[in-house]
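Peer 1:
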Ligand code: 5AD
Ligand code: SF4
């Protein structure tokens, strides 16, 4: 997973007068963004279209994240804010989906009387039936882990055209059991979707206008999907996707260092469509803490891996996740984390204060003082900000590929992402969304770059 953040409501189709309206608020990682899109499509079967206004909706779904305490608590605060809408419109149905739904199930109904249904991440295909049951007066809860592929079972809506980038979930769940993490409990064991289905879905996305696909999985490089001739690795899948005409860019996230196989490292060196950006969380730079976290690799293992990746692809941009203040983390352990960050040189990284999650092994261990966590977070963030700035400044004067996605705030401005996943603003720009153009980077701002189009030779 990458860093959870709140994502705006998603839009799955045109809004017309008449159909029922669905508002989805998505929390957490990109896998939730993908799931929200699929749920919106599934609810098309019940006559819903999406809206970006909660106060206009016939149904509100909160697709939730349970990764840290703060993320989970946000859901209950949001439910408090939704209460007046329900008072004003008793026909409004409110559903909780995602990892809080999985972790808390029935408890949510007890704690929040406004909630009409609770659906875990593995049973979205049952959502249309659950909505009907809720309309009939029930308060259904479904947090099963069924055998079937939920994405295959989803009712299919109309094939709407798509923007230039899309997520594609290829794998779900995690068998790694890091001592701090709820994912193996909320998303269950690792399951990979069959390769043929993914290729079919990718071709469909490309036909609908998608040019860049990001393959998603909680442990995406652990992908081991059934292929036509045996089990496929992620590298095999990437190479097969790269053969699709009209698909220009492939990315994947989130990876575990222990599943970074030789064939995937090689693909970074020779598969031109695989973008030179890798999110590879290490969590800590201290071997003592890595052991306590049950990471099953050392800091040296990680550094050696980075060396091999950079040998294959020297310009690879790296990103990571770090937890500060894991139980038992000493000053020296934290210094080791800073040392690892300095040794790697990240393009960007996500930093988190340790949050004890009920049911995880680490939740039993004594926590460190909050002030110490704050101080360490601050120091680590400062170092990473410095590295991010340096990485961005190093782009100035270079030419990069930019896939344009949308218009910018200024007139004539277009915004897209570079090969290295930097947001790039180009003024006075004739490129359309979905065009991949060469851009010369001219300046670096705190979280984005700006540049100018490189003229295409006549
Ligand atoms: N506390 C703090 N951060 C956590 N993460 C996962 N679980 C916790 C926790 N209990 C972070 C890890 C992971 C990212 C998605 O969230 O860094 O890689
Ligand atoms: Fe959580 Fe660790 Fe699995 Fe990542 S690898 S999802 S941090 S248990």
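In full-length UniProt numbering, the protein residues as written are 1 to 458. Backbone N, C-alpha and C fix where the C-beta goes; we use that ideal spot for every residue, glycine too.
(1) Give the DSSP bridge partners of residue 59, in chain order.
(2) At 4 residues or longer, what runs of the alpha helix (DSSP H) sit wholly inside the segment 165-220?
(3) Measuring CA to CA, which of 176, 91, 173 is closest to residue 136?
(4) Could you check if residue 219 is buried or exposed, using at least 16 other CB atoms within 10 Å of its CB as the buried criterion?
(5) According to DSSP, simplified to helix, strand and coil, what is residue 34?
(6) Are the beta-carbon atoms belonging to residue 338 and residue 373 less than 9 angstroms from one another?
(7) In the DSSP assignment, what are the bridge partners of residue 350?
(8) Where does residue 129 land, buried or exposed, given buried means 16+ other C-beta within 10 angstroms?
(9) Please name the residue in 245, 312, 282 whose C-alpha comes closest to that of residue 264.
(10) How is the alpha helix (DSSP H) around residue 77 delimited, first residue to last?
(11) DSSP on residue 263, reduced to helix/strand/coil?
(12) Using the Cβ count rule (16 or more neighbours within 10 Å means buried), how would you classify residue 378?
(13) Just mark residue 397 as buried or exposed, buried being the case when its beta carbon has 16 or more other beta carbons within 10 Å.
(14) Taking 8 angstroms as the cut-off, is the C-beta of residue 102 nearer than that to any heavy atom in the ligand 5AD?
(15) Which residue's Cα is closest to the Cα of residue 187: 287, 86, 120?
(16) Once DSSP output is grouped into helix, strand and coil, what is the label at residue 139?
(17) Is residue 111 helix, strand or coil when you go by DSSP?
(18) Check for me: the alpha helix (DSSP H) holding residue 334 runs from which residue to which?
(19) Using the beta-carbon count (16 or more within 10 Å), is residue 231 buried or exposed?
(20) Can you determine whether any heavy atom of the ligand 5AD sits closer than 8 angstroms to the C-beta of residue 176, and answer yes or no?
(21) Going by CA-CA distance only, name the one from 362, 403, 328, 191 that's closest to residue 145.
(22) What does DSSP give as the partner residues of residue 227 in its beta bridges?
(23) Put residue 456 into one of helix, strand or coil per three-state DSSP.
(24) Compute every distance between the C-beta of residue 33 and the non-hydrogen atoms of the ligand 5AD, then say whether any falls below 8 angstroms.
(25) Nearer than 8 angstroms: is that true of the beta carbon of residue 281 relative to any heavy atom of the ligand 5AD?
(26) Assuming residue 49 contacts residue 82 under a Cβ cut-off of 8 angstroms, what Cβ separation, rounded to an integer in Å, is found between them?
(27) When the distance is taken between beta carbons, is residue 176 closer than 9 angstroms to residue 164?
(28) Among 251, 51, 113, 79, whose alpha-carbon lies nearest the alpha-carbon of residue 30?
Peer 2: Reading it off the structure:
(1) Looking at the DSSP assignment, residue 59 forms a beta bridge with 22, 93.
(2) Taking 4 residues as the shortest admissible run, the segment 165-220 contains the following complete alpha helix (DSSP H) segments, listed from N- to C-terminal end: 183-186, 195-207.
(3) That would be 91, whose Cα lies nearest to the Cα of residue 136.
(4) Within a 10 Å sphere around the beta-carbon of residue 219 sit 16 or more other beta-carbons, which makes this residue buried.
(5) Residue state, collapsed to three classes: helix.
(6) No.
(7) Answer by DSSP bridge pairing, in chain order: 321.
(8) Answer is exposed; the Cβ neighbour count stays below 16.
(9) Nearest C-alpha to residue 264: 312.
(10) Residues 69-88.
(11) Note: residue 263 maps to helix in three-state DSSP.
(12) Flag for residue 378 reads exposed.
(13) With fewer than 16 other Cβ atoms from the protein chains shown falling within 10 Å of its own Cβ, residue 397 counts as exposed.
(14) Result no, Cβ not under 8 angstroms from the ligand 5AD.
(15) Considering only alpha carbons, the answer is 120.
(16) Secondary structure of residue 139 (DSSP, three-state): coil.
(17) Looking at residue 111 - three-state DSSP - the assignment turns out to be helix.
(18) Per DSSP, residue 334 belongs to the alpha helix (DSSP H) from 331-344.
(19) Counting the other Cβ atoms within 10 Å of the Cβ of residue 231 gives fewer than 16, which makes it exposed.
(20) For residue 176, the Cβ stays outside the 8 angstroms cut-off from all heavy atoms of the ligand 5AD.
(21) Answer by Cα proximity: 191.
(22) BP columns for residue 227 point to 230.
(23) Three-state DSSP puts residue 456 in coil, outside helix and strand.
(24) It does not: the Cβ of residue 33 is nowhere closer than 8 angstroms to a heavy atom of the ligand 5AD.
(25) True, at least one ligand heavy atom lies under 8 angstroms from that Cβ.
(26) About 20 angstroms separates the CB atoms of residue 49 and residue 82; that is not less than 8 angstroms, and the two are not in contact.
(27) No, these two residues do not count as a Cβ contact at 9 angstroms.
(28) Check the Cα spacing between residue 30 and each of 251, 51, 113, 79: the tightest is with 251.
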